[in-house]
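Trainee: My structure is below; once you've seen it, I'll send some questions.
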Amino acid sequence: MDLRFSEEYEAYRSEVKAFLADNWPLEGEEAKLTLTEQQARFRARAIGAGYLARAILRKYGGSEQPADVLKGLIIRQEFGKAQAPLDPAGNGPTMLVPTLLEHGTEEQKERIIPPTMKGELVFCQGYSEPGSGSDLASVQTRAELVGDEWVINGQKTWTSGAKQADMIFMLCRSEPDAPKHAGISYFMVDMRQPGVDVRPLKQMSGDSHFNEVFFDDARTTTDNLVGKRGEGWIVSRSTLKHERNTVGNAQGVAMLFERLVMLAKNVDLEGRPAIQDATVRERLGEIEGYVRSHEYSGYRQLTCDARRQDPGPVVTMNKLVGTNIGKMMGKLGLDLVGDGGLSAPASRWGGDPLVSGSWVTQFMGSHAQAIAGGTSNIQRNIIGERALGLPRDWAAQSSK
Ligand SMILES: Cc1cc2nc3c(=O)[nH]c(=O)nc-3n(C[C@H](O)[C@H](O)[C@H](O)COP(=O)(O)OP(=O)(O)OC[C@H]3O[C@@H](n4cnc5c(N)ncnc54)[C@H](O)[C@@H]3O)c2cc1C
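Heads up, the final residue of the sequence shown is numbered 1467 in our numbering, and it's a clean run with no missing numbers.
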């Protein structure tokens, strides 16, 4: 099997590389701008050149390029290597925007997509509640139509980036008498209003990346209902599809493996580089086997996408496997930095692999990745039921 890209695509890769060499990082006077401003300028140029927001029409602020999965992959690969910014902050560009493209009204698309893609309007995702995570359809936060406004009461939790967000897209129970899945609506709600209280949660890394969000008579207008009233469950499915696609991708896993090998070459174990130790080599070899299989499984998903076929449970399998490998690598990295990991503060995600803290972050973060966007157990249930044809999960059946 020849897995190389064709000449046409290699030429495209050279074009992307040349664009990056000319445009990122910014230089001269522009390098003095804040990082957020630099990223916004770069993104505007990348959209102008047709590299970002490709699936979005120009009238909504995108670059309106013909769908080409391989070009999309090349862009992600080269932007990743150059550490150039892809999407603006928040969950808006990756989750809400595709959902609006599928279910939003024309007015919503024109009002919300352009500022979200520019990073001027930042969204967080309000799905999980204290009693509703895996069993998301049991959400209890209520939305009641009073006059021409929806009034919202309840609590969300684990809301990433809620402190920084201008708005939240969220699931609320709007039809209390309807069956579980049919009683939910999908809203966009202003976070900067008196009825919204954001309380940061302290994580084991010391960060407060996510929050509890309390709604006490918060309000949103009827034009912020996405899809029809009571059909929020269907609308939310498209958001989750995009979330699963973004977690645990094969390229990120392969890059992390390279960093792990770099660490093993540079850290000492009993007076010699750790990579010369038989046990370390065995563990690295085992991980590399998973990394390569995951890459090929990624190609299966890519082939389906390129042929516009539904990849089915492959997406779920890739999420599960990708996060499992992330855990194995985090554990080996932490073992290699040894006692240094006990005192090192967690550092920036994806930071210098030779800094102990980056493996503390990877180790802790790998556990979070196995929960975010649907836990590993839930992925196993989906694979069991949809790919292997096993009977439905008893707990899920009895909570319908
Ligand atoms: C880093 C991170 C960021 C997040 N960001 C957001 C965000 O921005 N917005 C948001 O809304 N949510 C967010 N979440 C929350 C995330 O979606 C939930 O944590 C996740 O859906 C699991 O829900 P839960 O925490 O309530 O756990 P539970 O659903 O209570 O699960 C607890 C345990 O039981 C297992 N379990 C549950 N049901 C079953 C079953 N049927 N079969 C087998 N095992 C089962 C689970 O696998 C898990 O091990 C984030 C989570 C993380 C880790």
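Cβ coordinates follow ideal geometry from the N, Cα and C atoms, glycine included.
Would the beta-carbon of residue 1448 be found less than 7 angstroms away from any heavy atom of ligand 1?
Mentor: Here residue 1448 refers to the residue found at position 381 of the sequence shown. Because some heavy atom of ligand 1 lies under 7 angstroms away, the Cβ of residue 1448 counts as near it: yes.
Trainee: My understanding is that residue 1169 touches residue 1252, with C-beta atoms under 8 angstroms, so please give their C-beta distance in whole angstroms.
Mentor: Position 102 of the sequence shown, counted from the start, is the residue given in the question as residue 1169. Position 185 of the sequence shown, counted from the start, is the residue given in the question as residue 1252. Not quite, the Cβ-Cβ distance comes to about 16 angstroms (not below 8 angstroms), so this is no contact.
Trainee: Nearest-angstrom Cα distance between residue 1226 and residue 1219?
Mentor: Within the sequence shown, residue 1226 is the residue found at index 159, counting from 1. Within the sequence shown, residue 1219 is the residue found at index 152, counting from 1. Rounded to whole angstroms, residue 1226 to residue 1219 spans 16 angstroms at the Cα level.
Trainee: Report yes if the C-beta of residue 1385 is less than 7 angstroms from at least one heavy atom of ligand 2; otherwise report no.
Mentor: Because ligand 2 does not appear in the structure shown, any question about it cannot be addressed here, the ligands present being ligand 1.
Trainee: Any heavy atom of ligand 1 closer than 7 angstroms to the beta-carbon of residue 1426?
Mentor: In the sequence shown, residue 1426 corresponds to position 359, counting from 1. Because no heavy atom of ligand 1 lies under 7 angstroms away, the Cβ of residue 1426 does not count as near it: no.
Trainee: Please name the residue, chosen from 1201, 1150, 1185 and 1374, that lies closest to residue 1441 on a Cα-to-Cα basis.
Mentor: The residue given as residue 1441 occupies position 374 in the sequence shown. Here the closest residue by C-alpha is 1201.
Trainee: In chain order, which beta strand (DSSP E) runs of at least 3 residues are fully inside the region 1257 to 1310?
Mentor: Listed in chain order, the complete beta strand (DSSP E) runs (minimum 3 residues) inside the region 1257 to 1310 are 1263 to 1267 and 1277 to 1288.
Trainee: Can you list, in chain order, the residues of its chain with a C-beta nearer than 6 angstroms to that of residue 1334? Leave out the 5 residues immediately preceding and following it.
Mentor: Here the question's residue 1334 lines up with position 267 in the sequence shown. Cβ neighbours of residue 1334 beyond the five flanking positions: 1341 and 1403.
Trainee: Within its chain, find whatever has a CB closer than 7 angstroms to the CB of residue 1408; leave out the 5 residues flanking it on each side and keep chain order.
Mentor: In the sequence shown, the residue the question calls residue 1408 occupies position 341. These residues qualify, in order along the chain: 1401, 1423, 1426 and 1427.
Trainee: Which residue spans inside the region 1077 to 1130 form an unbroken alpha helix (DSSP H) run of at least 4?
Mentor: Runs of the alpha helix (DSSP H) inside the region 1077 to 1130: 1102 to 1115.
Trainee: Do you know whose CA, among 1319, 1244 and 1078, lies nearest residue 1148's CA?
Mentor: The sequence position of residue 1148 within the sequence shown is 81, counting from 1. Cα-wise, what sits closest to residue 1148 is 1319.
Trainee: Which same chain residues end up closer than 7 angstroms to residue 1145 when comparing Cβ atoms and leaving out the 5 residues on each side of it in sequence?
Mentor: Taking the sequence shown and counting its residues from 1, one reaches residue 1145 at position 78. Around residue 1145: 1080, 1083, 1084 and 1087.
Trainee: Examine ligand 1 and report whether any of its heavy atoms sits within less than 7 angstroms of the Cβ of residue 1244.
Mentor: Working through the sequence shown from its first residue, we reach residue 1244 at position 177. Flag unset: Cβ of residue 1244 not near ligand 1.
Trainee: Which residues bound the beta strand (DSSP E) around residue 1227?
Mentor: Along the sequence shown, read from residue 1 onward, the residue named residue 1227 stands at position 160. Where residue 1227 is concerned, the enclosing beta strand (DSSP E) stretches over 1216 to 1227.
Trainee: In the DSSP assignment, find the unbroken alpha helix (DSSP H) run with residue 1192 in it and report its ends.
Mentor: Residue mapping note: residue 1192 aligns to position 125 of the sequence shown, counting from 1. Residue 1192 -> not in any alpha helix (DSSP H); beta strand (DSSP E) instead, spanning 1190 to 1193.
Trainee: What distance in whole Å lies between the Cβ atoms of residue 1206 and residue 1156, which are believed to be in contact at a cut-off of 8 angstroms?
Mentor: By 1-based counting over the sequence shown, the position of residue 1156 is 89. By 1-based counting over the sequence shown, the position of residue 1206 is 139. Contact flag wrong, Cβ pair sits at about 25 angstroms.
Trainee: Return yes when the C-beta of residue 1277 is under 7 angstroms from any heavy atom of ligand 1, and no when it is not.
Mentor: Here residue 1277 refers to the residue found at position 210 of the sequence shown. Yes, the beta carbon of residue 1277 sits closer than 7 angstroms to at least one heavy atom of ligand 1.
Trainee: With hydrogens ignored, establish whether the beta-carbon of residue 1201 is closer than 7 angstroms to any heavy atom of ligand 1.
Mentor: The residue given as residue 1201 occupies position 134 in the sequence shown. Yes; taking the cut-off as 7 angstroms, the Cβ of residue 1201 has a heavy atom of ligand 1 nearer than that.
Trainee: Comparing the CB of residue 1226 with every heavy atom of ligand 1, is any distance shorter than 7 angstroms?
Mentor: The count along the sequence shown starts at 1 and reaches residue 1226 at position 159. At least one heavy atom of ligand 1 is nearer than 7 angstroms to the Cβ of residue 1226, so yes.
Trainee: Counting along the chain, where does the beta strand (DSSP E) carrying residue 1235 start and finish?
Mentor: For this step, residue 1235 is matched to residue 168 along the sequence shown. Per DSSP, residue 1235 belongs to the beta strand (DSSP E) from 1234 to 1240.
Trainee: Considering only the beta carbon of each residue, do residue 1056 and residue 1185 sit closer than 8 angstroms?
Mentor: In the structure as shown, the chain starts at 1068 and stops at 1467, and residue 1056 therefore has no counterpart that could be examined.
Trainee: Taking only runs of the alpha helix (DSSP H) that begin and end inside the region 1127 to 1153, which ones reach a length of at least 4 residues, in chain order?
Mentor: Those alpha helix (DSSP H) runs which fall completely within the region 1127 to 1153 and span 4+ residues are 1136 to 1148.
Trainee: Can you determine whether any heavy atom of ligand 1 sits closer than 7 angstroms to the C-beta of residue 1185, and answer yes or no?
Mentor: Numbered from its first residue, the sequence shown carries residue 1185 at position 118. Incorrect: residue 1185 has no Cβ contact closer than 7 angstroms to ligand 1.
Trainee: Locate the beta strand (DSSP E) running through residue 1457, then write down its first and last residues.
Mentor: Along the sequence shown, read from residue 1 onward, the residue named residue 1457 stands at position 390. Unbroken run through residue 1457: none, as it is neither H nor E.
Trainee: So, for residue 1263: in the same chain, excluding its five sequence neighbours on each side, which residues have a beta-carbon less than 7 angstroms away from its beta-carbon?
Mentor: Counted from its first residue, the sequence shown places residue 1263 at position 196. Taken in chain order, the residues that qualify are 1280, 1282 and 1285.
Trainee: Quick one, are the C-beta atoms of residue 1395 and residue 1354 less than 8 angstroms apart?
Mentor: Sequence index remark: in the sequence shown, residue 1395 carries index 328 (1-based). Sequence index remark: in the sequence shown, residue 1354 carries index 287 (1-based). Closer than 8 angstroms, so yes.
Trainee: Would you kindly report the start and end of the unbroken alpha helix (DSSP H) that includes residue 1328?
Mentor: Here residue 1328 corresponds to residue number 261 of the sequence shown, with the count starting at 1. Residue 1328 -> alpha helix (DSSP H) spans 1317 to 1333.
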